[in-house]
Amino acid sequence: MDELLNIVKDALEIGLIWSLLALGIFIAFRVLEFADLTAEGAVTMGGAVAASLILKGAPPFIATLLSVAGGFLAGIVTGILHTKLKIPAILSGILTMTGLYSVNLRILGKSAVHLGDAATIYTFPRGIIENAFVAETLTTFLVVVIIFFVLYWFFGTEIGMSIRATGMNKKMARAQGINTDIMIIFGLALANALVALCGALHAQSANSANMDVGKGTIVIGLAAIILGEILFGKRSFKNWLISVILGSVAYEVLVGVAIALGLNPNDLKLLQAILIAFILALPLVKKIRAAKQRRKEGAYNRA
736 MDELLNIVKD ALEIGLIWSL LALGIFIAFR VLEFADLTAE GAVTMGGAVA
786 ASLILKGAPP FIATLLSVAG GFLAGIVTGI LHTKLKIPAI LSGILTMTGL
836 YSVNLRILGK SAVHLGDAAT IYTFPRGIIE NAFVAETLTT FLVVVIIFFV
886 LYWFFGTEIG MSIRATGMNK KMARAQGINT DIMIIFGLAL ANALVALCGA
936 LHAQSANSAN MDVGKGTIVI GLAAIILGEI LFGKRSFKNW LISVILGSVA
986 YEVLVGVAIA LGLNPNDLKL LQAILIAFIL ALPLVKKIRA AKQRRKEGAY
1036 NRA
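Counting from 1, position 116 in the sequence shown corresponds to residue 851 in my numbering; the numbering is continuous, with no gaps.
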């Protein structure tokens, strides 16, 4: 029972932070239909900027906001590479991600830094709430809730609807007078700002930042999105956003269960690859099963 409780606690603590990354990837991949790989560099940038500024004495809130600004700029670069220089979407993201590696290394100064006793965004809640887990989880949950409502409101505005229209049908959106290039650039900037926010919170929660945190984040984010869609549905945009958040927590539960069952931590990447492949294949499996069911029903009706 205690082991199950620890799995749930870890899933909540880590999953809520990574849900911000999943929301960013959701905007790029689902809303804009843009295969953006910038996230792997943006999440590292978020942690690097936050950690470096905090170590230099900057207030954690300001450091976090500047991390978000860094991710926003990274998304703008990818958007400009694609819309203005006509570089393919996936290659634009790869170019930005590659460039960010050097930028992030410059910001950190070395491959990893530790915050030590420096104040973070979680320091004040820990001073009020005795239980560190509760303090951190409630703080992250509050941030996620605020982001959820802001996104839900934003995508109901004219600009937000224009971004959604651009992702659905770029030609039709352009025919309606929407500047699709600007919408793509702004949408990618918003997506990577959320990814950088995830990196900033992760660095402050773990009390460290390193250059490896971004590896594999794209596939993990996609797995969280698809898992959430399968488990919780996407009946409306609001439901879709909630599903992405809950999918991140559910994904961490699956990883925690696998480790609890005795998986070697060195094999965690292999497990993640298998889980992701399985989750990504689920929609196809459901389609095949539905098609078979329809054929059976058709054969039964003809009989």
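Even glycine gets a Cβ: it sits at the ideal position worked out from N, Cα and C.
Just so you know, these numbers come straight off a predicted model, no measurement behind them.
message = Taking contact to mean 3 or more Cβ pairs, one atom from each stretch, closer than 8 Å, check whether the stretch 967-977 and the stretch 838-854 are in contact.
response = Of all C-beta pairs linking the stretch 967-977 to the stretch 838-854, fewer than three are shorter than 8 Å, placing the two stretches out of contact.
ask   = With distances taken from CA atoms, which of H817, D947, M780, E748 is nearest L873?
value = For the residues H817, D947, M780, E748, the minimum Cα distance to L873 belongs to E748.
C-beta contact flag for G814 and G781 at 8 Å = G781 sits away from G814, with the two beta carbons spaced by 8 Å or more.
query = Among I1014, N741, R909, L801, which has the Cα closest to the Cα of V930?
reply = Of all alpha-carbon atoms in I1014, N741, R909, L801, the one lying nearest the alpha-carbon of V930 is that of L801.
query = How is the alpha helix (DSSP H) around N927 delimited, first residue to last?
reply = Per DSSP, N927 belongs to the alpha helix (DSSP H) from 915-941.
key: Classification of G963 by the beta-carbon crowding that lies within 10 angstroms, buried from 16 upward   = Counting Cβ neighbours within 10 Å, G963 comes out buried, since at least 16 surround it.
task = State the DSSP-derived secondary structure class of V990, mapped to helix, strand or coil.
result = The answer is helix: DSSP assigns V990 an H, G or I state.
Same chain only: Cβ atoms within 6 Å of L820, ignoring 5 sequence neighbours per side = Here L820 has no same chain residue with a Cβ atom under 6 Å from its own Cβ, once five neighbours each way along the sequence are excluded.
query = Any idea what DSSP makes of N945, helix, strand or coil?
reply = In the displayed model, N945 falls within a strand according to three-state DSSP.
inquiry  = Are the CB atoms of E775 and T952 within a distance shorter than 8 Å?
reply    = Yes; because the gap between Cβ atoms is below 8 Å, this pair is in contact.
key: Close beta carbons around F890, own chain, < 8 Å, minus the five adjacent residues each side   = Cβ within range, chain order: V766, M896, I898, R899, F972.
Where A854 sits in the DSSP three-state scheme = In the three-state reduction of the DSSP assignment, A854 falls in the coil class, being assigned neither a helical nor a strand state.
request  = Select from G792, L739, A746, A757 the residue whose C-alpha is nearest the C-alpha of I960.
outcome  = Of the candidates G792, L739, A746, A757, the residue whose Cα lies closest to the Cα of I960 is A757.
ask   = What first and last residue would you give for the beta strand (DSSP E) that runs through A847?
value = Residues 847-849.
query = G912: which of L826, I894, I1023, A1025 sits nearest, CA to CA?
reply = Minimum Cα distance to G912 is reached at I894.
task = Output the residue ranges of the alpha helix (DSSP H) runs that lie fully inside the stretch 790-873 and measure 4 residues or longer, sorted by chain position.
result = Whole alpha helix (DSSP H) segments, 4+ residues: 795-818, 824-843, 858-863.
ask   = What first and last residue would you give for the alpha helix (DSSP H) that runs through L962?
value = Unbroken alpha helix (DSSP H) run through L962: 952-967.
key: Exposure label - S787; buried when at least 16 CB within 10 Å   = Sixteen is the threshold: when 16 or more other Cβ atoms of the shown chains lie within 10 Å of the Cβ of S787, as they do, the residue is buried.
query = Are there three or more Cβ pairs, one per stretch, closer than 8 Å when the stretch 943-957 is compared with the stretch 1004-1020?
reply = Yes, they touch.
message = Just checking V979 against the ligand ZN - is the residue's beta carbon closer than 7 Å to any of the ligand's heavy atoms?
response = Looking at this structure, you won't find the ligand ZN or any other ligand, since it has none at all.
query = Looking only at its own chain, which residues have a Cβ that is under 6 Å from the Cβ of A944, when we skip the five neighbours before and after it?
reply = Here the set comprises G782, A783, A786, V848, A938.
Residue from I789, H817, A958, P860 whose Cα sits closest to the Cα of S983 = Out of I789, H817, A958, P860, A958 has the C-alpha closest to the C-alpha of S983.
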